[in-house]
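Read left to right, the sequence shown gives residues 1 to 561 (UniProt numbering).
Think of the CB as a built atom: it goes at the ideal place given N, C-alpha and C, for glycine as much as any other residue.
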Amino acid sequence: MTAAMKYGVYLVTGRDLLPLGKDYLESLEESVRDGYVSIVQVREKHASYDEFLAIAKASLAICDKYRVQMVINDNVDVAAALPDHVGLHVGQDDAKLSEARQRLGPRRLIGISVHSPAQAREALDSEADYAGVGPVWPTKSKAGITEEDVLSMSGAREVVAHLARDPATLRSGQRARMPCVLIGGINVRTAHRSLHGATSSQNHPDGIAVISAIVSRRDADVAAKELHDIVSQYFEEQKRAHGTLPALLQAPRLATEVAALLTAHHTRYDPVQHADDASSVTLPRPLLQVITSHVSSNISANMALAFSASPIMSHEATEARDLSAVISALVLNIGTLSPASREGMAVAGPCANDRGVPIVLDPVGAGATAHRAAQVQSILNETQVTLIKGNAAEIGALLHSNEAKAQGVDSVGEMQAPSEAVRRLARQEGALVLMTGKVDYLSDGDVCAEVHGGSALLGRITATGCSLGVVVAAGMAAAKEQYQVTLPSGPAQRMDPPRRRTPLLVGALMSLLAFALAAEQAEAQPHVHGPGTFLPAFLDALASLSPTDVASKVEARVRFV
1 MTAAMKYGVY
11 LVTGRDLLPL
21 GKDYLESLEE
31 SVRDGYVSIV
41 QVREKHASYD
51 EFLAIAKASL
61 AICDKYRVQM
71 VINDNVDVAA
81 ALPDHVGLHV
91 GQDDAKLSEA
101 RQRLGPRRLI
111 GISVHSPAQA
121 REALDSEADY
131 AGVGPVWPTK
141 SKAGITEEDV
151 LSMSGAREVV
161 AHLARDPATL
171 RSGQRARMPC
181 VLIGGINVRT
191 AHRSLHGATS
201 SQNHPDGIAV
211 ISAIVSRRDA
221 DVAAKELHDI
231 VSQYFEEQKR
241 AHGTLPALLQ
251 APRLATEVAA
261 LLTAHHTRYD
271 PVQHADDASS
281 VTLPRPLLQV
291 ITSHVSSNIS
301 ANMALAFSAS
311 PIMSHEATEA
321 RDLSAVISAL
331 VLNIGTLSPA
341 SREGMAVAGP
351 CANDRGVPIV
361 LDPVGAGATA
371 HRAAQVQSIL
381 NETQVTLIKG
391 NAAEIGALLH
401 SNEAKAQGVD
411 SVGEMQAPSE
421 AVRRLARQEG
431 ALVLMTGKVD
441 YLSDGDVCAE
451 VHGGSALLGR
461 ITATGCSLGV
471 VVAAGMAAAK
481 EQYQVTLPSG
491 PAQRMDPPRR
501 RTPLLVGALM
511 SLLAFALAAE
521 QAEAQPHVHG
531 PGTFLPAFLD
541 ALASLSPTDV
551 ASKVEARVRF
561 V
């Protein structure tokens, strides 16, 4: 029975979480009737035996009607009083697994909760059929969960990995792996990234377990479908190899597209005429809301202006909703992570999602402190970003890799397989990923562009990395307009993520090339003698950049790997 079991969306009931006036059995039937829930665990922590049994029997009638596997939480007596096809789930502090198996027999589906690698190893050798791994995120659905109990994606990945054996050491009679579901804070915003984040070369999750993500919804059927679609998407992505190069990115078309986009967007400053040349511009000037560090605010604003965008450097939560109605892109930069800026991000991000506005996340110093790392994860849970831009240490921190170390906001060391790192993060977060360094890597999770160019002087002045994020935001806003790209509204972006919009990758690539070429042109100026003279020359070069110059560099500078 368990070999063919599909875990998918695993619903744990919670009558105390139902919306006001919503009937439990009505909600349960809505959840399972369309086939989007694979397993239902009936959980009644405070009910008497008789009450629990009555609820379980009523629940079983619905589960049997729609052929959905049902299990009982913790209570062996209730499980034993029900037909043999009803299973049991036990926790580490609940009834002993061996006693439950002895009483219920060998055919019953029995699951166990695991919270650590050691518990995972024990579970793999136990009589349990599957494991619930968590809590992945903080949750209010179970009392007593502390911050120390939360695994996060890296902890979940380690636990899941220990639910599989190394094929080289596998002995006859041993199972190779134990199926598992992720639980704890899993919802439509966290499910996709949690599944990818818990996946490693050793093992992968088989589904997600949710409580409030379905139970608390009045439209439980819609909630079940949303989560089912996310899980299905994850498994499809796991099967799919690296994608073929879309026609839009193939040579020589890519150079043509870059030139056309830059021509339509950029009001070039003519240094001879000392005037703007907007004769070829066909796109509206994008308005960018930029929440960034105090250090980079001035430079980033000037870079936006030089690249034909209008910046508004606002981190006020009170005006974020109003701004979301008029902005073309949003930049979330955690360089200065004050309570006010974080509050602004918490409002601005979801509001931008609601309106399908591209969002750039710059996780400055994400690997430098635990506080920054936690805040980045919080941002990614509340907001579906369109592009993540960071150095090797920052990208590594989001992947929980220590190949490159953070030295403050700088990166020390290099990734051994940078193209695979950005691909993996792009799939995990559903976003484009740009990793900067001596060589830049830009990926949508399927294809990856290796981009060469730039100037060593970029590393000698502050805020160039932050300002690149702003320039990229302007380029994606232009591409969204030029190609008429539509981003879904709100949480729907989790089911249909931004990384699938190839034109946005073209916009990001155009911006990256423009930024690098402007830096090279600035460094080559005879009056540039170092960092102090480089910055104003860089602004001048970006403002006066020719689309033809940028397009001519595409074939030599961009290689898909």
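Unbroken beta strand (DSSP E) run spanning residue i, endpoints
i	result
G8	8 to 12
A449	448 to 452
D440	439 to 443
V114	110 to 114
R321	Looking at the DSSP string, R321 is not in any beta strand (DSSP E); the run it does join, the alpha helix (DSSP H), is 317 to 324.
D277	275 to 277
P311	310 to 312
Beta carbon proximity, residue i to chain B, threshold 8 angstroms
i	result
D229	Of the protein chains in the structure, only one exists, and it is not chain B.
Cβ separation of residue i and residue j, assumed to be a contact under 8 angstroms, to the nearest whole Å
i	j	result
L425	L442	No, L425 and L442 are not in contact; Cβ-Cβ is about 12 angstroms, not under 8 angstroms.
V550	V258	6 angstroms
T336	S293	4 angstroms
P117	E158	6 angstroms
L227	A191	6 angstroms
G367	G396	6 angstroms
P547	T263	4 angstroms
Beta-carbon contacts of residue i that lie in its chain and below 7 angstroms, excluding the five residues immediately before and after
i	result
D206	Y7, P179, C180, V181
A223	A213, I214, R217
R342	Q375
H315	I291, A340, S341, G344
F534	L457, I461, A522, E523, V528
R427	H196, E237, G445
S27	L18, V215, A220
P246	T502
Residue i and residue j closer than 8 angstroms at C-beta
i	j	result
P286	A478	yes
R189	E382	yes
H204	Q233	no
A164	A176	yes
Q384	R499	no
M70	V90	no
A431	I388	yes
A209	I183	yes
V195	V506	Residue identity differs from the one stated: residue 195 is Leu in this sequence, not Val. Contact flag unset, no.
S467	R268	no
I110	V68	no
L434	L380	no
F515	V471	yes
G469	V331	yes
H266	S328	no
M153	G185	no
E127	L170	no
L248	P503	yes
V281	R321	no
M476	P358	yes
Beta-carbon proximity list for residue i, same chain, < 6 angstroms, skipping 5 on both sides
i	result
S411	Residue placement at S411 is poorly supported in this model, since its pLDDT is 49, which falls under 50; the coordinates still yield a value, given next. The answer, listed in chain order, is N391, A392, A393, A404.
D16	none
N73	Q41, R43, H89
D219	none
Y10	I39, V181, G207, A209
beta-carbon residue i near the ligand SAH non-hydrogen atom, thresh 7 angstroms
i	result
S154	No copy of the ligand SAH occurs in the structure displayed, which carries no ligand at all.
Limits of the alpha helix (DSSP H) - the one that residue i falls within
i	result
Q119	117 to 124
D206	Careful: D206 lies outside any alpha helix (DSSP H) and carries neither H nor E.
V550	547 to 557
G396	392 to 398
I230	220 to 239
R101	97 to 104
V506	502 to 523
T436	Looking at the DSSP string, T436 is not in any alpha helix (DSSP H); the run it does join, the beta strand (DSSP E), is 432 to 436.
8 angstroms CB neighbourhood of residue i in its chain, flanking five on each side removed
i	result
A123	I112, V114, A131, L163, M178
R355	S324, A325, S489
A61	none
V554	A251, L254, A255, V258, L513
S296	N333, G335, T462, A463, C466, S467
residue 564	Here the chain comprises residues numbered 1 to 561, so residue 564 is not present and cannot be evaluated.
D34	D221, A224, K225
*Taking three-plus beta-carbon pairs below 8 angstroms as touching, is the segment 414 to 421 in contact with the segment 484 to 501?*
no
*Between the segment 299 to 314 and the segment 458 to 474, do three or more beta carbon pairs fall short of 8 angstroms?*
yes
_If contact is defined by three or more beta carbon pairs under 8 angstroms, each pair taking one atom from either stretch, is the segment 77 to 89 in contact with the segment 100 to 112?_
yes
_Stretch-stretch touch, CB-based, cutoff 8 angstroms, three pairs: the segment 450 to 458 with the segment 507 to 524_ = yes
*Do the segment 134 to 151 and the segment 352 to 371 meet, that is, are 3 or more Cβ pairs less than 8 angstroms apart?*
no
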